[in-house]
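Inspection log for the structure reproduced underneath, given as structure tokens.
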Amino acid sequence: MRNLYDNLINRKEKVSFHMPGHKGKMLEGMNDFLENILKIDVTELSDTDDLYHANNIIAEGRNNLALFSHAKKSMYLVNGSTSGIVASIMSVLDENDKILVEKNCHKSVINGVRFARGKSVEVECDGVCEQEVLIENLKKDSSIKAVLITRPNYYGIYQPIEKLVEYCHENNIKIIVDEAHGTHFALDCFDKNAMQLGCDISINSYHKTMPAFTQTAAINFNCEDELIDKTMSNLQMIMTSSPSYIFMTSVEYAIDYCTKNENKYAELKEIIDWFYSEIEGLDFIRKAPIQKNCKRDFTRIVLECDNPSDVNEHLIKNRIYIEMIDDKNLVLISTIADEKKDFEILLEALRSYKKSDSTKTYKTYDYLLNKIIANDIVIYPPGKIFAKKNSTINQEQIDELNDLSSKGVNILLK
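Per our numbering, the sequence shown starts with residue 1078, numbered consecutively.
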């Protein structure tokens, strides 16, 4: 019985504008990699090294990983970026210590604080929190030990952080960057990544924007050895003791492919700019504006539209799958695996869209009024916590949940 396998093989997807970054395509060198996949699915032996005590081929791979990431040291994360975020928070906080975070951070950040038995000081911003706002909050509370920011966010938006990094270093505050959506920033054709900007720790998801298998990730360090050792120790508790060599070699492949084909990013930008110019004639959809004092990674396509849920359903009917929707946007992930023909198919589908007049039913959350929730309510994607477990839900929150639900936003609640 191979139900999962059969269903995945029989999917009728025409175009992928979501992760993983390889987009299911046989890229240059991928055929050789896949032909040998059973040979590289090995365990830790005398000649295959040990992930947590590397001194041979994995050590060399980690050195190359650090070189690519502009880091002092790097480590493969075989349990995804979540493991790196949790381990890094556990390493910078003792019990009851405080960490400054953005309120719209990924749920793994809050779970990391829970594991550390620390306290999160949450800054609420409309979009990305500017560095001046974060510095102001740090100045208000000198007991804060660390700050964790997301850069870029799910929408590809990122802010300058040089002043924040300088302030943190001057005041012995550790700065961690959830750079899951910015792994490709290590390439020369993009703005500087977290390591180049002097942050202490950064976490990358290789599968999100580069041609690597889902769950592949890495953690990078530019901090003192004591913190590196502490984080490595925590990773051993969090991650599997049977690391996947397929995952680690997939990261190697992604780095090799992207560095050898860096010129393709200029070609991709031309295609995306062409696509934006073509949708200018459509009255229901437009290129989303960029937050003031911020930039957007050009590979992240954010389209503001009148009815994201309805448009997304139309795309699915045309076998086009995108990364996510929210109450007013479609979010698409593009990588150098994409070709102009993919955008032409997308454009054709958008041009054929007609607003639906049908009335749709949606789940309502009125039953939660004044209830204490046992688990977090999560908007996923992007994975931000709407309401924390053990909190009491009020009418304002119910109204917002109902509104999000009516617009097709995915809400996770158990």
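Using N, Cα and C, we set each Cβ at its ideal position, and we do this for glycine too.
Nothing here was measured: the structure is a model prediction, and the numbers come from that model.
When the distance is taken between beta carbons, is V1178 closer than 8 angstroms to L1111?
Between L1111 and V1178, the CB-CB gap reaches or exceeds 8 angstroms.
I need the straight-line Cα distance from L1409 to I1176, nearest angstrom please. Rounded to whole angstroms, the separation of the alpha carbons of I1176 and L1409 is 31 angstroms.
Environment of A1343 [buried if 16+ CB atoms lie within 10 Å]: By the neighbour-count rule (16 or more Cβ atoms within 10 Å), A1343 is not buried but exposed.
- Going straight from the alpha carbon of K1346 to that of F1262, what length do you get? Roughly 15 angstroms between the two C-alpha positions.
_Contact under 8 angstroms by Cβ, L1264 with C1335_ = The answer is yes: Cβ separation under 8 angstroms.
If you pair each beta-carbon of the stretch 1212–1223 with each one of the stretch 1239–1259, do three or more pairs fall below 8 angstroms? In short, these stretches touch, since the Cβ pair count reaches three.
ask   = Which residue or residues does DSSP assign as beta-bridge partners of E1112?
value = Answer by DSSP bridge pairing: none, since E1112 is not bridged.
**Request:** Identify, in the order they occur along the chain, each residue of the same chain with its Cβ nearer than 8 angstroms to the Cβ of L1211, setting aside the five sequence neighbours on each side.
**Result:** Answer for L1211: L1177, V1200, V1224, I1226 and L1241, listed in chain order.
Rounding to the nearest angstrom, what Cα-Cα distance links A1414 and C1276 in this structure? Answer to the nearest angstrom: the Cα atoms are 30 angstroms apart.
| message | By DSSP's criteria, Q1437 is part of a beta bridge. Which residues make up the other side? | response | One detail in the question is off: residue 1437 reads as Lys in this sequence, not Gln. DSSP, once it has assigned bridges, lists no residue as partnering K1437.
| Anyone know if the C-beta pair for L1104 and P1288 falls short of 8 angstroms? | Yes. Within cutoff.
| message | Using 8 angstroms as the threshold, is the C-beta distance between K1405 and E1390 below it? | response | Contact flag unset, no.
Compare the beta carbon distance of Y1235 and K1372 with 8 angstroms and say whether it is the shorter of the two. Result yes, Cβ atoms of Y1235 and K1372 sit closer than 8 angstroms.
Report task. Measure the C-alpha to C-alpha separation of V1254 and S1468 and round it to an integer number of angstroms. Result -> So the two alpha carbons sit approximately 28 angstroms from each other.
E1303 - DSSP class collapsed to helix/strand/coil: In the structure shown, E1303 falls within a helical segment according to DSSP collapsed to helix, strand and coil.
**Request:** Quick one: measure Cβ to Cβ for R1191 and E1172, integer angstroms, because I've assumed they're closer than 8 angstroms.
**Result:** Taking a contact as a CB-CB distance under 8 angstroms, the pair R1191 and E1172 does not count as one, their CB atoms being some 12 angstroms apart.
Name the residue from F1420, I1280 and N1181 whose alpha carbon lies nearest to the alpha carbon of I1456. Looking at the Cα atoms, N1181 is the closest of the given residues.
* To do: If I'm right that N1297 touches S1165 with Cβ under 8 angstroms, what's the distance once you round it to whole angstroms?
  => Not confirmed; about 10 angstroms, so no contact.
*For the candidate residues K1269, I1221 and T1260, whose alpha-carbon lies nearest to that of I1238?*
Among K1269, I1221 and T1260, the Cα nearest to that of I1238 is on K1269.
Under three-state DSSP, which class holds M1167?
Annotated three-state conformation of M1167 is helix, per DSSP.
**Asked** Given D1118, which residues of its chain have a CB within under 6 angstroms of its CB, disregarding the five upstream and five downstream residues?
**Response** Excluding residues within five positions, the ones whose Cβ falls inside 6 angstroms are I1323.
**Request:** In the DSSP assignment, find the unbroken beta strand (DSSP E) run with A1365 in it and report its ends.
**Result:** No beta strand (DSSP E) holds A1365; DSSP gives it neither H nor E.
Can at least three beta-carbon pairs, one atom from the stretch 1387–1403 and one from the stretch 1422–1432, be found at a separation below 8 angstroms?
-> Yes, the stretch 1387–1403 is in contact with the stretch 1422–1432.
- Item | Strand pairing of H1183, partner residues [DSSP] | The partner list for H1183 (beta bridge, DSSP) reads K1461.
task = Return yes when the Cβ of H1095 is within less than 8 angstroms of the Cβ of E1400, no when it is not.
result = H1095 is positioned such that its CB atom lies closer than 8 angstroms to that of E1400.
**Study point:** Test item: CB-CB of A1148 and N1299 under 8 angstroms
**Key:** A contact, by the Cβ cut-off of 8 angstroms.
Exercise. Sort K1491, N1338, I1221 and Q1208 by Cα distance to I1196 and report the nearest one.
Key: Correcting the residue identity first, residue 1196 is Lys in this sequence and not Ile. Of the candidates K1491, N1338, I1221 and Q1208, the one whose C-alpha sits nearest the C-alpha of K1196 is I1221.
Check your understanding: In three-state terms, what does DSSP make of I1413?
Key -> The answer is coil: DSSP assigns I1413 none of H, G, I, E or B.
query = With burial defined as no fewer than 16 other Cβ atoms inside 10 Å of the residue's Cβ, what is the status of A1451: buried or exposed?
reply = Per the 10 Å Cβ criterion, exposed.
Where in the stretch 1103–1165 do unbroken runs of the alpha helix (DSSP H), each at least 4 residues long, occur, reported from the N-terminal end onward?
With a minimum length of 4 residues, the continuous alpha helix (DSSP H) runs that stay inside the stretch 1103–1165 are 1107–1112, 1114–1117 and 1134–1146.
#### Entry: M1133, buried or exposed, once every other Cβ within 10 Å from all chains shown has been counted against 16
Position check: residue 1133 holds Asn in this sequence, whereas Met was assumed. Taking a 10 Å sphere around the C-beta of N1133, we find fewer than 16 other C-beta atoms and assign the residue as exposed.
Can you say whether L1407 is buried or exposed, counting buried as having 16 or more other CB atoms within 10 angstroms of its CB?
Burial call: buried.
Q) Near F1352, which residues of its chain fall below 7 angstroms by C-beta distance, leaving aside the five closest residues on each side in sequence? A) Sequence-distant partners of F1352 (beyond 5 residues in either direction) whose C-beta falls short of 7 angstroms from its own C-beta, in its chain, are F1420 and L1424.
Residues near I1454 by beta carbon distance below 6 angstroms, same chain, minus five either side: Excluding the 5 residues flanking it on each side, I1454 has same chain C-beta neighbours closer than 6 angstroms at F1463, A1464 and L1490, in chain order.
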